[in-house]
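Asker:
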Amino acid sequence: MTVAESMLNLACVGAEPRALVNCLNFGNPENPNVMWQLSEAVDGMAEACSQFNIPVVGGNVSLYNESQGKNIDPTPIVGLIGVINNLETPPPGVTWNEGDRLMVIGPPGKGLSGSAWAFARNARNGQLNKVDYETHERVCQTVRMLVNQGLVTAIHDISSGGLAVAVAEMAVQSGVGCSLARVPDIESMFSESPSRVVIAVDPEQMQSVEEIIQNQDIPSARIGLAHGDKFTIKGLIDIELSKSMISGKVPFHEYLRVEPLKGSSLLLFDIYFQASQPTQYITGLVFKSIAFSKCG
Numbered sequence: 001m002t003v004a005e006s007m008l009n010l011a012c013v014g015a016e017p018r019a020l021v022n023c024l025n026f027g028n029p030e031n032p033n034v035m036w037q038l039s040e041a042v043d044g045m046a047e048a049c050s051q052f053n054i055p056v057v058g059g060n061v062s063l064y065n066e067s068q069g070k071n072i073d074p075t076p077i078v079g080l081i082g083v084i085n086n087l088e089t090p091p092p093g094v095t096w097n098e099g100d101r102l103m104v105i106g107p108p109g110k111g112l113s114g115s116a117w118a119f120a121r122n123a124r125n126g127q128l129n130k131v132d133y134e135t136h137e138r139v140c141q142t143v144r145m146l147v148n149q150g151l152v153t154a155i156h157d158i159s160s161g162g163l164a165v166a167v168a169e170m171a172v173q174s175g176v177g178c179s180l181a182r183v184p185d186i187e188s189m190f191s192e193s194p195s196r197v198v199i200a201v202d203p204e205q206m207q208s209v210e211e212i213i214q215n216q217d218i219p220s221a222r223i224g225l226a227h228g229d230k231f232t233i234k235g236l237i238d239i240e241l242s243k244s245m246i247s248g249k250v251p252f253h254e255y256l257r258v259e260p261l262k263g264s265s266l267l268l269f270d271i272y273f274q275a276s277q278p279t280q281y282i283t284g285l286v287f288k289s290i291a292f293s294k295c296g
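In this text, residue positions in the sequence shown follow our numbering: the first is 1, and each later residue adds one.
1. Rounded to whole angstroms, what's the CA-CA distance from ASN303 to ALA19? Just pull it up for me.
2. Excluding the 5 residues flanking SER174 on each side, which residues of the same chain have their C-beta closer than 6 angstroms to its C-beta?
3. Around the C-beta of ARG124, are 16 or more other C-beta atoms found within 10 angstroms, so that it is buried, or is it exposed?
4. Using alpha carbons as the reference points, say which of LYS70, PRO74, ILE186 and GLU30 lies closest to CYS23.
5. Compute the minimum distance between the beta carbon of PRO32 and the heavy atoms of the ligand SAH, and state whether it is under 7 angstroms.
6. Quick check: the segment 152 to 163 against the segment 191 to 199, are there 3 or more CB pairs under 8 angstroms?
7. Buried or exposed: where does VAL297 fall if 16 or more other Cβ atoms within 10 Å of its Cβ makes it buried?
8. Name the DSSP beta bridge partners of ARG101, please?
9. Quick one, which of ASN33, SER113 and ASP202 has its alpha-carbon nearest GLN127's?
10. Straight-line CA distance for HIS227 to CYS178?
11. Tell me the DSSP secondary structure of LEU261 in three-state form.
12. Mind checking which residues open and close the alpha helix (DSSP H) that includes ILE186?
13. Do VAL147 and LEU91 come within 8 angstroms of each other at the CB atom, strictly closer than that value?
14. Helix, strand or coil for GLU30? Go by DSSP, reduced to three states.
15. At what residues does the beta strand (DSSP E) containing LEU80 begin and finish?
16. Could you give the DSSP three-state label for CYS23: helix, strand or coil?
17. If you draw a straight line from the alpha carbon of ALA166 to that of VAL83, how long is it in whole angstroms?
18. Would you say LEU225 and LEU63 are within 8 angstroms of each other, going by their C-beta atoms?
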């Protein structure tokens, strides 16, 4: 999952992956459960790198990480470096414009196991969604095509916190609200299933975007519109974007903490806060023609 997410982050800036480094942080390997966690993490990373043809060029292992006799949660971190072949069209970033159409590219989000939603409720059971390598590769190829052809205004991978947090971050960064209509339930809002991105598209580019997606045989769905000064998900979320929040004077999660929230709006605060913890990084940096993505 971590390798796949980092690979998709690179695609969001139009880059193709070239190499991977890792940092494996685990507890006491003399504990059979911890040793199993380490073994599974290495096997999973090796399988993903083999499927995506990405060489591992370096790494680090930190073991015996404990606090008051308790092992840390298994924390594998990967860094992927990629190359952008053409910088004539700069990567779009996460800020959309008034009137942009919003879409999700990738298979429908299902399941909440391993998500920030589950973590906020101390629910650590369940089974993670499996990465379909062939589908993920095609999603990344499609995203790179859209980005490199300058067809999207904004883009954000759906990862920690799910669709709701990705869209909330885009709305705050843009200073433009949005209304979503095709997000029926909590699972759809907060699922962190792999191989999905949110894109914002100028109405004049919609036909070209949808043709490329259809030609690549990738699932997609229109989910709403960027407009106004509120973040709404029909029947679930209704939050006003304040000027202090948009300016950065009040972080989004702090705003949600003090506003009178109820129902799913209060739930969004819980998930946003968990997804924004400093131990969970998701970054995509571009230096000239080189892009770097770090996930953990």
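Heads up, the beta-carbon is just placed ideally off N, CA and C, and yes, glycines get one too.
Answerer: From the atom records:
1. Because the chain in this structure spans residues 1 to 296, residue 303 falls outside the shown range and cannot be described.
2. Within the sequence shown, the letter at position 174 stands for residue 174. Result list for SER174: THR95 and TRP96, in chain order.
3. Position 124 of the sequence shown holds residue 124. The residue in question, ARG124, is exposed, as its Cβ has fewer than 16 Cβ neighbours within 10 Å.
4. By 1-based counting over the sequence shown, the position of residue 23 is 23. Nearest of LYS70, PRO74, ILE186 and GLU30 to CYS23, Cα basis: PRO74.
5. As presented, the structure is devoid of all ligands, the ligand SAH included, so that no description of it is given.
6. Between the segment 152 to 163 and the segment 191 to 199, the count of C-beta pairs closer than 8 angstroms reaches three or more; the two stretches touch.
7. Not covered by the structure: residue 297. The range shown for the chain is 1 to 296.
8. Within the sequence shown, residue 101 is the residue found at index 101, counting from 1. BP columns for ARG101 point to VAL201 and LEU225.
9. The count along the sequence shown starts at 1 and reaches residue 127 at position 127. Comparing alpha carbon positions, the residue from ASN33, SER113 and ASP202 closest to GLN127 is SER113.
10. Stepping through the sequence shown from its first residue, residue 227 is reached at position 227. Stepping through the sequence shown from its first residue, residue 178 is reached at position 178. In a straight line, the C-alpha of HIS227 is about 5 angstroms away from that of CYS178.
11. By 1-based counting over the sequence shown, the position of residue 261 is 261. At LEU261, the pLDDT of 42 sits below 50, so the modelled position is not reliable and the matter cannot be decided from this model.
12. Start at 1 with the first residue of the sequence shown, and residue 186 comes out as number 186. Residues 186 to 190.
13. Position 91 of the sequence shown, counting from 1, holds the residue named residue 91. Position 147 of the sequence shown, counting from 1, holds the residue named residue 147. Strictly speaking, residue 91 in this sequence is Pro, with Leu absent from that position. Annotated as proximal: PRO91 and VAL147, with beta-carbon spacing under 8 angstroms.
14. On the sequence shown, residue 30 is found 30 positions in, with the first residue counted as 1. Looking at GLU30 - three-state DSSP - the assignment turns out to be coil, as it is neither helix nor strand.
15. Walking along the sequence shown from the start, residue 80 turns up at place 80. For LEU80, the enclosing beta strand (DSSP E) covers residues 75 to 83.
16. Taking the first residue of the sequence shown as position 1, residue 23 is located at position 23. Strand.
17. As a working note, residue 166 is residue 166 in the sequence shown. As a working note, residue 83 is residue 83 in the sequence shown. Cα to Cα, ALA166 sits roughly 25 angstroms from VAL83.
18. Position 225 of the sequence shown, counted from the start, is the residue given in the question as residue 225. Position 63 of the sequence shown, counted from the start, is the residue given in the question as residue 63. Contact: no.
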